[in-house]
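Student: If you use this note's numbering, the sequence shown closes out at 1116, no skipped numbers anywhere.
Just so it is clear, CB atoms sit at the ideal spot from N, CA and C, and this is done for glycine as well.
Take this structure, written in C-alpha cells, and hold onto it; I'll ask about it next.
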Amino acid sequence: MEKTQWYIGAPNGVILCINQNNEGELGGEFFHSYSEAPVPFQGIGQMTLRMEKLYDWLRFPHPGTNSRSFGEMPKPDGRIHERKRIMKDETLLAKHGDIGTFIVRVQHRQNSSWQGRITWMEEDRTIQFRSVWEMIKLIESAVDSVSQEDGEEINWFPEEDQPGQNA
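Here it is, written out as C-alpha cells:
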C-alpha cells in the first residue's frame, strides 16, 4: 500500500494509537516529537485533555480563547522555553495501535475547539475536521468499522467528500 497521507507536517503532530475498545470506551496512547515516552489515556476525554495540555506546552496552535478558572491562575513567567524535538518523524510514523492508528494534525484552536486533519493510517485516508467532537466521531467510526463482526463497512468519508464522485 502506498502511504501517500503518512506525514506529520506540523510541530504538534501526534500519532494516536488506539489499543483497546471496552464497550465504546477507547484507550491507548499517543506519541509526539518531544518525548520518547508515550502519553497513555483511558477514554477519549482524557485523550483530548492530555493533547490540549501538549498544545498549551508547545504554544502551538495558539488558542483562540483563554482558559478560565474559578481559582487563582498561575501567572506566566514570560520566558520562552525552547522545545527540542527528540523523535524523528520516521520513528513516530512507525508507531501503531492494536485497533487503529491516526495521525492528528491540529492546525487551529478556535471557538474553544480544534480544527485540522486526521489520517487513518491503516486505510491511508485523510479528512479535515472542524471540531474536537467531529474528530472523535471519525475515530470512533473507524474503530467501529474494524470491530464489526458482520463485515459491513462504514464509510469514513461524508457523502459530499467521496473521492472520484462528480458534483
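Can you give me the C-alpha to C-alpha distance between P1112 and T1014, rounded to a whole angstrom?
Tutor: In the sequence shown, counting from the first residue as 1, residue 1112 sits at position 163. In the sequence shown, counting from the first residue as 1, residue 1014 sits at position 65. For P1112, the predicted structure reports a pLDDT of 47, less than 50, and the residue's modelled location is therefore unreliable. The matter cannot be settled from this model.
Student: Count the other C-beta atoms from every protein chain shown that fall within 10 angstroms of the C-beta of Q969, then say buried if there are 16 or more, exposed otherwise.
Tutor: What you label residue 969 is simply residue 20 of the sequence shown in a count that begins at 1. With fewer than 16 other Cβ atoms within 10 Å, it is exposed.
Student: Within 10 angstroms of the Cβ of S982, are there 16 or more other Cβ atoms? Answer buried if so, exposed if not.
Tutor: As a first step, residue 982 is located in the sequence shown; it is residue number 33 there, counting from the start. Label assigned to S982: buried.
Student: Based on the DSSP output, what are the partners of T1075 in its beta bridges?
Tutor: Position 126 of the sequence shown, counted from the start, is the residue given in the question as residue 1075. T1068, per the DSSP bridge assignment.
Student: Give a yes or no on whether the C-beta atoms belonging to S1046 and E985 are separated by under 9 angstroms.
Tutor: Position 97 of the sequence shown, counting from 1, holds the residue named residue 1046. Position 36 of the sequence shown, counting from 1, holds the residue named residue 985. Looking at the sequence shown, residue 1046 is not Ser but Gly. It is not a contact, given that the beta carbons lie outside the stated cut-off.
Student: Let's see if you can read the secondary structure: which residues bound the alpha helix (DSSP H) around G994?
Tutor: Indexing the sequence shown from 1 puts residue 994 at position 45. That run of the alpha helix (DSSP H) goes 993 to 1007.
Student: With three or more C-beta pairs closer than 8 angstroms as the rule, is the stretch 1042 to 1062 touching the stretch 993 to 1010?
Tutor: Because the criterion of three Cβ pairs below 8 angstroms is met, the stretch 993 to 1010 and the stretch 1042 to 1062 touch.
Student: Per DSSP, what are the beta-bridge partners of P989 in this structure?
Tutor: One-based indexing of the sequence shown puts residue 989 at position 40. According to DSSP, P989 bridges with E978.
Student: What is the DSSP secondary structure of T1014, counted as helix, strand or coil?
Tutor: Numbered from 1 along the sequence shown, position 65 holds the residue referred to as residue 1014. Correct three-state label for T1014: coil.
Student: Would you mind sorting I957 into buried or exposed? The rule is 16 or more other CB atoms within 10 Å of its CB.
Tutor: For the purposes of this step, residue 957 is taken as the residue at position 8 of the sequence shown. It is buried - the Cβ of I957 has at least 16 other Cβ atoms within 10 Å.
Student: Applying the 10 Å Cβ sphere with the 16-neighbour rule, what's the burial state of G1065?
Tutor: Residue numbering aside, residue 1065 sits at position 116 when the sequence shown is read from its first letter. G1065 is buried by the Cβ-count criterion.
Student: Have a look at T1068, W955, S1062 and flag the residue whose alpha-carbon is nearest the alpha-carbon of P1010.
Tutor: As a working note, residue 1010 is residue 61 in the sequence shown. Nearest C-alpha to P1010: S1062.
Student: For the beta strand (DSSP E) holding T1050, just list the boundary residues, first then last.
Tutor: Position 101 of the sequence shown, counted from the first residue, corresponds to residue 1050. It spans 1049 to 1057 - the beta strand (DSSP E) in which T1050 sits, taken as one unbroken run.
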